[in-house]
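I have placed the structure first, in the form of structure tokens, so that the comments after it can refer back to it.
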Amino acid sequence: MQFNMQKFLILIVLVLANEVASQCGCNKKKLMTRATENLHVGDMLLSKADIAIINGFKHHQREARAWPGGKVSFAFANDFPADKRNLVKQCLNELQSDLGNCVQFFESTQGPHIAVHAQNKGCYAMIGCTGERGQFLNLQNPWCMNSKGTIKHEFIHALGFMHTHMRMDRDNFISINWRNIQSSQCFNFVKCEGCIMDGNYETRSVMHYSSDAFGCQQGMNTMIQKNGNLIDYNHNTTPNDLSMIKSLYNCR
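Just so we're aligned: the sequence shown equals residues -22 to -1, 1 to 230 in mature numbering (1 follows the signal peptide of the UniProt record, and there is no 0).
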């Protein structure tokens, strides 16, 4: 029997296409299932309390999320490269200055603090002050340190904030393309029913994902603005980002 290479290649393409399709899209009913265990969602490491907030079981307890007195301690783990530590410090100094010292960052291991790692596991952080000695924040080298915006984004998670596109009012400003989302990443697009996120909705927020975030394939948009425009990732904080942080830390 003669081997037909063209038909064989077409078959491979169809199989791969079906495989991609099977991994595409979100089941909204499944998303409504209440999660009860710790969950790694995108760049957020969520606790049971965080998931309860997302599911609307309790409102965002602002004081409980904030670092006492706005004083945030952090320390570099042994796996964090020495030549990137000044970059992180520079980002924190800029954020502190932009906030008018409303929040202050100190390098210390005394009491609750953020342990800054550089494991090969991406960029992610825990939400708000957990009260732990060494709560996890990861900045994979070099991918998470190519942009100051990424570093600030993760530390703003650690200050107590989730993503802008999780706001309850997001449908007034953006449209979610559920069919284009990687099936394993659907939870990144649920609304946070118990969160309080202040101010105007800004697609330019450093806490907002870009249009192609978690798309099934390159060029697939998972969310767009209501006017049809795409959302680019902003690499710096906006005035409303800063105002939101100041509100949580009672610095207005």
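Here a beta-carbon is modelled for each residue, glycine too, at the ideal position from N, C-alpha and C.
Neighbour-count burial assignment, residue i, 16 or more Cβ in a 10 Å radius
i, result
"Lys36", "Here the model assigns Lys36 a pLDDT of 48, short of 50, so the residue's position is not dependable, and the following value carries that caveat. Lys36 comes out exposed."
"Arg43", "buried"
"residue 232", "Look at the range of the chain in this structure, -22 to 230, and you will see that residue 232 is not part of it."
"Gln68", "exposed"
"Trp121", "exposed"
"Glu110", "exposed"
"Asn116", "buried"
"Gln195", "exposed"
"Arg230", "exposed"
"residue 237", "Shown here, the chain extends from -22 to 230; a query on residue 237 therefore has no answer."
"Gly206", "exposed"
"Asp21", "buried"
"Gln160", "buried"
"Gly172", "buried"
"His38", "Summary for His38: the model assigns pLDDT 47, below 50, so the residue's position carries little reliability, and this model does not support an answer."
"Gly47", "exposed"
"Gly78", "exposed"
"Gly89", "exposed"
Identified DSSP bridge partners for residue i
i, result
"Glu85", "Phe52"
"Ser153", "Ile202"
"Cys2", "Gln160"
"Gly177", "In DSSP, Gly177 forms no bridge with anything."
"Gly193", "Ile159"
Cβ-Cβ separation, residue j to residue i (assumed contact under 8 Å), whole Å
i, j, result
"Gly100", "Leu137", "Not really, about 20 Å apart at Cβ, beyond 8 Å."
"Ile134", "Lys204", "Actually they do not touch by this definition, with Cβ atoms about 25 Å apart."
"Met123", "Cys170", "About 27 Å; that fails the 8 Å criterion."
"Val66", "Ile129", "6 Å"
"Asp176", "Ser225", "5 Å"
"Gly127", "Asn64", "Between Asn64 and Gly127 the Cβ distance is about 17 Å, and since that is not below 8 Å, they are no contact."
Contacting residues, own chain, Cβ-Cβ under 6 Å from residue i (five flanking each side not counted)
i, result
"Leu(-12)", "Low confidence applies here, because Leu(-12) scores a pLDDT of 38, under 50, leaving its location unreliable; read the following figure in that light. None."
"Ser183", "Thr142, Thr216, Asp219"
"Ala(-2)", "Unreliable positioning characterises Ala(-2) in this predicted model, as indicated by a pLDDT of 44, which lies under 50. The coordinate reading is nonetheless provided below. Same-chain partners within the cutoff: there are none."
"residue 238", "Because the chain here runs from -22 to 230, residue 238 falls outside it and cannot be looked at."
"Glu15", "Only weak support exists for where Glu15 lies, its pLDDT of 45 falling under 50; the value from the coordinates is given anyway. The answer is none, since no qualifying residue turns up."
"Ala103", "Leu115, Glu132, His135, Ala136"
"Ser51", "Phe84, Ser86, His91"
"Leu73", "Lys130"
"Gly193", "Asn158, Thr200"
Residue-chain proximity (residue i, chain B), Cβ-Cβ < 8 Å
i, result
"Thr128", "Here chain B cannot be found, since the structure has a single protein chain."
Neighbourhood of residue i by C-beta, 7 Å cutoff - its chain only, sequence neighbours within 5 removed
i, result
"Gly112", "His91, Ala93"
"Asp76", "Thr215, Leu220"
"Asp57", "His95, Ala96, Gln97"
"Ala55", "Ala93, Val94, His95"
"Tyr227", "Ala44, Gly48, Cys80, Val81"
Cutoff 8 Å; reference residue i; Cβ partners in own chain excluding five residues on either side
i, result
"Met201", "His143, Ile152, Ser153, Ile154, Asn155, Phe167, Tyr187, Ser189, Ala191, Ile209"
"Ala53", "Glu85, Ser86, Thr87, His91, Ile92, Ala93, Val94, Gly112"
"Arg145", "Lys169, Cys170, Cys173, Met175, Tyr179"
"Pro59", "Ala96, Asn119"
Heavy atom of the ligand GTP within 7 Å of residue i beta-carbon
i, result
"Phe84", "With respect to the ligand GTP, the structure offers nothing, as it holds no ligand at all."
Which whole runs of the beta strand (DSSP E) in the segment 84 to 132 are 3 residues long or more, in chain order?
-> As far as the segment 84 to 132 is concerned, its whole beta strand (DSSP E) runs of at least 3 residues are 91 to 95, 101 to 104, 111 to 117.
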